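Chains as they are written, first to last, in this note's numbering: chain V, 1 to 408; chain E, 409 to 816.
Cβ atoms here follow ideal geometry from the backbone N, Cα and C, with glycine treated the same way.
These numbers were taken from a predicted model, which means no experiment stands behind them.
In what follows, a single structure is set out as structure tokens and then discussed.
There are 2 protein chains.
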Amino acid sequence: MSSVCVRKISDYEPIVGRDEIKTIVSLAERVKGAKIIHVNSTAYGGGVAEILKSLIPLARSVGLDARWQVLQGSKEFFFTTKSIHNALQGDNSIELTSEMRDVYLKVNELNAKTLDLDGDVVMIHDPQPLPLIDYRRDGKWVWRCHIDTSQPNKHVWGFIKPFVEKYDALVFSREAYIPNDIRGIKVFVRFPSIDPLSDKNKPLHQTEILKILERFDVNPDKPIIGQVARFDPWKNPLGVIDTYRKVKEKISEVQLVLIGSFAHDDPEGLEWYKKTVRYAENLKDVYILTNMDGVCDVEVNGFQRAFTVALQLSIREGFGLTVSEALWKGVPVVATRVGGIPLQVIDGVTGFLINTVEEAAEKVVLLVKRGWLARELGRNGVEHVKRNFLVTKDLKDYLRLHIELVGK
Amino acid sequence: MSSVCVRKISDYEPIVGRDEIKTIVSLAERVKGAKIIHVNSTAYGGGVAEILKSLIPLARSVGLDARWQVLQGSKEFFFTTKSIHNALQGDNSIELTSEMRDVYLKVNELNAKTLDLDGDVVMIHDPQPLPLIDYRRDGKWVWRCHIDTSQPNKHVWGFIKPFVEKYDALVFSREAYIPNDIRGIKVFVRFPSIDPLSDKNKPLHQTEILKILERFDVNPDKPIIGQVARFDPWKNPLGVIDTYRKVKEKISEVQLVLIGSFAHDDPEGLEWYKKTVRYAENLKDVYILTNMDGVCDVEVNGFQRAFTVALQLSIREGFGLTVSEALWKGVPVVATRVGGIPLQVIDGVTGFLINTVEEAAEKVVLLVKRGWLARELGRNGVEHVKRNFLVTKDLKDYLRLHIELVGK
């Protein structure tokens with residue numbers, strides 16, 4: 001089990017209000033002591049791990065016996081699951097070899113022997129631990145799919161689907177993500193969430209923000225635009241650099257900060273990091289930073305708080321929670337219309353949705369010049385995230401799901 | 409009685425939360441039907457009228473029989489009360505002639521015959537209607553002094569004090585404002601408030617803000633700094649222009665917007681308006697606007713929302729609620745340490761407190777350059793105003809005062 005911090009539900013009262021806390025506590029009382037097991041494939045890096053890191057101690061603090069189990073896998077396993085991930089998101093060029101299928105199933109079989117899967121509810125996150133369903137004992141099993149499976153690679157989906165169909169319920173992040181050939185299973189739509197008290201999102205004093213900027217030689221007195229995302233073709237870091245190039249023509253003092261982290265189960269990361277660095281080689285005022293440079297959660301937080309505008313130019317997204325992370329800091333977001341982004345960026349209200357690099361650059365220039373507009377959109381963003389994308393809302397949703405599945 | 413809008417207490421629930429509304433409603437139930445009469449000297453213009461315009465319908469919506477009576481006076485009367493106002497704020501050059509005293513008392517005597525003063529509680533605002541106490545019937549009488557009377561002109565205070573001493577209770581906006589020779593009367597300290605749903609503070613759509621800027625030829629794409637305040641020596645409009653001059657040396661594209669309104673009881677306004685215009689004569693990008701130009705509540709709201717930084721360089725203040733109005737819009741405020749300002753501008757948290765024009769210019773430059781810092785301070789400002797300076801808090805305080813005076 002991963003180490004978890006000790007935040008209590010009452011810590012969130014100043015943020016979401018007493019009524020919301022009361023609702024959560026009273027839902028939790030109906031399922032007190034229930035054993036909930038969450039299984040995913042990485043204890044850090046990636047959106048799912050981040051959500052669990054907040055959600056699980058919070059669930060425990062309201063009386064649930066919530067646990068977190070992390071699937072252990074080999075390099076080959078994670079290479080395979082990355083392929084499955086990309087294929088489910090629509091990459092039709094991918095084929096799974098029989099060796100890949102074998103390692104996928106074998107790793108799950110081995111993990112089934114060591115993981116504690118005896119819960120009232122077992123929540124399996126994403127495709128990596130999906131086949132664990134073959135080793136189910138009692139309890140309700142839920143597959144929580146965080147990726148966009150609206151147009152999956154048919155070949156790979158054909159392999160995955162029989163596992164999916166053994167679950168008692170499925171949860172997707174958007175209506176549109178539900179594959180259209182799912183029948184006879186309860187399907188729920190639930191938003192993922194961010195934790196306003198985590199290192200990545202907690203309030204920072206201005207001197208902390210300043211120190212972070214100075215540590216990485218970013219000028220605090222000039223506008224900063226940036227994207228926080230893994231180095232990955234789906235996240236389109238090269239498109240961000242193209243956008244920056246155009247913005248720089250109009251606003252010569254603008255700076256670009258690109259932040260990514262290398263996750264355990266993401267072997268493509270380093271390759272794309274290098275590609276990105278090469279692509280920006282001759283450009284001034286570009287900062288490409290990763291956890292290897294010492295940019296961890298607090299630093300990401302500080303940089304996001306210093307952004308004049310945040311970008312999220314992804315080509316495909318599971319949900320794109322970094323958008324909510326930026327919005328929560330009062331930063332307007334210019335982003336593509338993919339995945340969960342349009343649920344977070346409401347065009348002209350919390351940011352702008354764009355289709356091309358030209359449009360992105362135009363909106364960024366507008367927001368850098370019109371500080372007041374950036375502020376108004378940023379303020380709307382904070383409210384929007386507060387209502388929809390905070391971990392307290394997520395916990396409430398999980399409690400309701402639990403009650404619906406198990407009864408009580 | 410002045411026309412009042414029809415806002416209900418429940419309209420504020422999305423802003424202050426259900427708990428706060430519940431508290432107010434349950435306090436109000438203890439004094440249901442009580443007749444509360446507020447008396448001031450102007451139905452529009454000036455902070456007191458603005459508070460009453462919001463407070464009274466709100467008090468009615470929770471079941472109180474709240475009423476608003478406006479003292480009618482001549483030009484001579486308002487000239488006199490303006491002198492009294494300035495004298496109580498410390499202008500030792502003022503002497504009241506016997507003619508001035510006569511008109512002051514006579515106008516109050518005449519008003520006592522026409523105004524409805526039969527309330528469970530009669531709340532007299534500021535010095536203009538102070539002598540009405542001589543015509544009191546039943547009910548508890550409270551003098552709500554909104555100005556800084558910490559170091560009053562002794563001569564004028566000597567004339568005023570006997571009236572003050574006939575009241576059942578006094579309310580000041582700061583501890584420090586209580587004159588040190590007051591004895592044997594209940595004295596309360598209560599903050600004044602702004603209404604987040606009034607035309608001056610309600611949310612505006614970005615296109616409305618843009619239209620307002622364009623209507624007055626202010627460039628929406630360049631930084632705007634500004635002060636909203638009456639044209640009056642106490643508000644220091646010339647100091648604002650001096651500050652602007654220095655900021656302009658560093659940031660050539662900055663613009664200055666000075667907004668004031670001419671209130672009914674303020675004959676000095678026009679003179680100081682002209683003085684201000686003359687003082688800025690040779691400066692570029694300065695906009696000096698008043699209600700005469702069509703800058704009314706919504707326009708003030710729009711301009712404030714467009715400010716990169718708000719200034720409040722007053723030499724003396726009653727409370728300086730325009731500071732809270734700016735903060736509520738997420739705008740950091742650079743201001744002097746006078747009156748109620750340090751209660752609103754927390755140095756380095758919601759803005760900066762300064763002592764000189766040089767310091768003011770330096771902080772403005774910092775905030776124009778560091779958009780992220782302006783945003784962080786602005787965000788703190790919103791929270792600070794929400795906790796302390798909203799009309800809902802004010803109503804709650806009045807209800808508690810009422811319960812303390814009348815019992816129940």
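Residue burial classification, residue 331(V) (beta-carbon count within 10 angstroms, cutoff 16): Sixteen is the threshold: when 16 or more other Cβ atoms of the shown chains lie within 10 Å of the Cβ of residue 331(V), as they do, the residue is buried.
Give the DSSP-derived three-state secondary structure of residue 188(V) in the structure shown. Strand at residue 188(V).
Among 118(V), 140(V), 341(V) and 101(V), which has the Cα closest to the Cα of residue 407(V)? It is 140(V) whose Cα lies nearest to the Cα of residue 407(V).
How far does the alpha helix (DSSP H) with residue 63(V) in it extend, from its first residue to its last? Run containing residue 63(V): none; DSSP gives neither H nor E here.
Going along the region 363-388 of chain V in order, which residues come within less than 7 Å of chain E, judged by CB to CB distance? Taking 7 Å as the Cβ-Cβ cut-off against chain E, the residues of the region 363-388 of chain V that qualify are 369, 370, 371, 372, 373, 375, 376, 378 and 379.
Cα-Cα separation, residue 737(E) to residue 270(V): For residue 737(E) and residue 270(V), the gap between their C-alpha atoms comes out near 43 Å.
Output the boundary residues of the beta strand (DSSP E) element that contains residue 215(V). Under the DSSP assignment, residue 215(V) falls outside any beta strand (DSSP E), being part of the alpha helix (DSSP H) whose first and last residues are 206-215.
In the DSSP assignment, find the unbroken beta strand (DSSP E) run with residue 100(V) in it and report its ends. Note, residue 100(V): premise wrong, no beta strand (DSSP E); alpha helix (DSSP H) at 98-114.
Simplified DSSP assignment, three categories, for residue 32(V): Residue 32(V): coil per DSSP, three-state reduction.
Please classify residue 142(V) as buried or exposed, where buried requires at least 16 neighbouring CB atoms within 10 angstroms. Flag for residue 142(V) reads buried.
Compute the Euclidean distance between the alpha carbons of residue 409(E) and residue 553(E), then round it to the nearest angstrom. At residue 409(E), the pLDDT of 37 sits below 50, so the modelled position is not reliable and the matter cannot be decided from this model.
Do the CB positions of residue 667(E) and residue 708(E) come within less than 7 Å of each other? Contact annotation: residue 667(E) and residue 708(E) have beta-carbon atoms nearer than 7 Å.
Every unbroken beta strand (DSSP E) within the region 722-772 of chain E, with a cutoff of 3 residues, ordered by chain: Segments of the beta strand (DSSP E) lying fully in the region 722-772 of chain E: 741-744 and 759-762.
Give the DSSP-derived three-state secondary structure of residue 146(V) in the structure shown. Assignment of residue 146(V) by DSSP, reduced to helix, strand and coil, places it in the coil class.
Are the region 781-796 of chain E and the region 750-768 of chain E touching, with three or more C-beta to C-beta distances below 8 Å? Per the Cβ contact rule, the region 781-796 of chain E is in contact with the region 750-768 of chain E (3 or more Cβ pairs under 8 Å).
What residue does the alpha helix (DSSP H) around residue 495(E) start on, and which one ends it? Taken as a continuous stretch (DSSP letters only), the alpha helix (DSSP H) holding residue 495(E) covers 483-496.
With distances taken from CA atoms, which of 811(E), 658(E) and 535(E) is nearest residue 572(E)? Among 811(E), 658(E) and 535(E), the Cα nearest to that of residue 572(E) is on 535(E).
For residue 221(V) and chain E, any beta-carbon pair shorter than 7 Å? In terms of beta-carbon proximity, residue 221(V) lines the interface with chain E, with at least one pair separated by less than 7 Å.
In the DSSP assignment, the alpha helix (DSSP H) including residue 710(E) goes from what residue to what residue? That run of the alpha helix (DSSP H) goes 705-714.
The alpha helix (DSSP H) spanning residue 218(V) covers which residue range? Here residue 218(V) belongs to no alpha helix (DSSP H), and DSSP marks it neither H nor E.
Continuous alpha helix (DSSP H) stretch holding residue 399(V): start and end: For residue 399(V), the enclosing alpha helix (DSSP H) begins and ends at 391-406.
Anything in chain E within Cβ reach of residue 209(V), meaning under 9 Å, just list it in chain order. The contact set of residue 209(V) on chain E, defined by CB atoms closer than 9 Å, consists of 780, 781 and 784 in chain order.
Grouping DSSP H, G and I as helix and E and B as strand, with all else coil, what is residue 431(E)? Residue state, collapsed to three classes: helix.
Start-end ranges of the alpha helix (DSSP H) lying completely within the region 227-280 of chain V, minimum 4 residues: DSSP assignment within the region 227-280 of chain V yields the following whole alpha helix (DSSP H) runs of 4 residues or more, N-terminal first: 237-250 and 269-279.
Rounded Cβ spacing between residue 769(E) and residue 741(E) (contact assumed at less than 8 Å): About 15 Å separates the Cβ atoms of residue 769(E) and residue 741(E), ruling out a contact at the 8 Å cut-off.
As assigned by DSSP and simplified to three states, the class of residue 288(V): Strand.
For residue 206(V), decide whether its Cβ has a neighbour in chain A, counting only Cβ atoms nearer than 7 Å. Protein chains V and E are contained in the structure displayed, whereas chain A is not.
Is any heavy atom in the ligand MN found nearer than 6 Å to the beta carbon of residue 284(V)? The ligand MN is not among the ligands present in this structure, which contains no ligands whatsoever.
Could you check whether the Cβ of residue 713(E) sits closer than 7 Å to any Cβ belonging to chain V? Closer than 7 Å to some Cβ of chain V, the Cβ of residue 713(E) qualifies, so yes.
Can you check whether the C-beta of residue 302(V) is within less than 7 Å of a C-beta belonging to chain E? Not an interface residue.
What are the boundary residues of the beta strand (DSSP E) that residue 176(V) is part of? In this chain, residue 176(V) is not harboured by any beta strand (DSSP E), its DSSP state being neither H nor E.
Residue 578(E) - partner residues in DSSP beta bridges: Looking at the DSSP assignment, residue 578(E) forms a beta bridge with 551(E) and 595(E).
Beta-carbon proximity list for residue 603(E), same chain, < 7 Å, skipping 5 on both sides: So the qualifying residues of the chain are 462, 609 and 799.
Touching by the beta-carbon criterion (3+ pairs, under 8 Å), the region 61-76 of chain V and the region 432-440 of chain E: Judged by Cβ distances under 8 Å, the region 61-76 of chain V makes no contact with the region 432-440 of chain E, as fewer than three pairs qualify.
When the cut-off is 7 Å and only beta carbons count, does residue 19(V) lie next to chain E? Using a CB distance cut-off of 7 Å, residue 19(V) counts as an interface residue toward chain E.
Are residue 96(V) and residue 156(V) close, meaning C-beta to C-beta below 7 Å? Taking 7 Å as the Cβ cut-off, residue 96(V) and residue 156(V) qualify as a contacting pair.
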